[in-house]
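Take the sequence shown: its position 97, counted from the start at 1, is 160 in my numbering, and no numbers get skipped.
Note that CB positions come from ideal geometry on N, CA and C, so glycine has one too.
Read the structure below first, then the notes.
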Amino acid sequence: MKATARNKKTQGSVGLAAFFKIAEKWALSVAQQTALLGISSQSTFHKYKKDPESANVDKDMMERISYILGIFKDLQTLLKDPVSADRWIKAPNSAAPFNGKTALDLMCRGRVVDLYIVRQYLAAQKGV
64 MKATARNKKT QGSVGLAAFF KIAEKWALSV AQQTALLGIS SQSTFHKYKK DPESANVDKD
124 MMERISYILG IFKDLQTLLK DPVSADRWIK APNSAAPFNG KTALDLMCRG RVVDLYIVRQ
184 YLAAQKGV
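Laid out in structure tokens, this is it:
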């Protein structure tokens, strides 16, 4: 049982560290990062950012991180220029489901389903 708990912590901390690298590339604010991760406390966020190994990454947060990693990967695939790929989430988009807002606006509403919607949109753009 202890090995399983340790593996979950390792997966969570690795995923969280990857999230923070993506957040830096995307130039996300603390408020945006907490919304994406589903963290309500800024002190918890800062603790996790300082030491991802100490994070209590539950199933909900792991699902959120997984969507962010997938969105990042999809953008890198669709937009060969890394700078353009990193800017895409902050660019207004007239396509549904964005309706003139940015993907980041949609994702920062705080619901896991909004991350799913963006991921599905990108998958459709890839023809998957």
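Checklist entry - At which residues does the alpha helix (DSSP H) containing K122 begin and terminate? => result K122 to L141
Next on the checklist: Once the 5 residues before and after L202 are set aside, which same chain residues still bring their CB inside 7 Å of it?
Outcome noted: Nothing can be reported for residue 202: it is not among the residues displayed for the chain, which extend from 64 to 191.
Checklist entry - Unbroken alpha helix (DSSP H) runs of length 4 or more, entirely within the segment 136 to 178: which are they? => result 145 to 150 and 166 to 170
Item to check | Straight-line Cα distance separating S106 from L138 | outcome: Between L138 and S106, the C-alpha separation is close to 31 Å.
Checklist entry - If we count the other Cβ atoms within 10 Å of its Cβ and call it buried at 16 or more, is T140 buried or exposed? => result exposed
Next on the checklist: Closer than 8 Å is the cut-off here; do at least three beta carbon pairs connect the segment 112 to 122 with the segment 154 to 162?
Outcome noted: no
Checklist entry - What do you reckon, are the CB atoms on D149 and K88 nearer than 8 Å? => result For the 8 Å CB-CB criterion, D149 and K88 form a contact.
Next on the checklist: Could you tell me which whole alpha helix (DSSP H) segments of length 4 or greater appear in the segment 79 to 114?
Outcome noted: 93 to 100 and 105 to 113
Next on the checklist: So S166 and V181 are supposed to be a Cβ contact under 8 Å. How far apart are they, rounded?
Outcome noted: Per the sequence presented here, residue 166 reads as Ala, with Ser not at that position. Confirmed, about 5 Å.
Next on the checklist: Once the 5 residues before and after L79 are set aside, which same chain residues still bring their CB inside 7 Å of it?
Outcome noted: Y111, P115, A118, V120 and I128
Next on the checklist: Determine whether the beta carbon atoms of G75 and M125 lie at a separation below 8 Å.
Outcome noted: Cβ distance < 8 Å, so G75 and M125 count as in contact.
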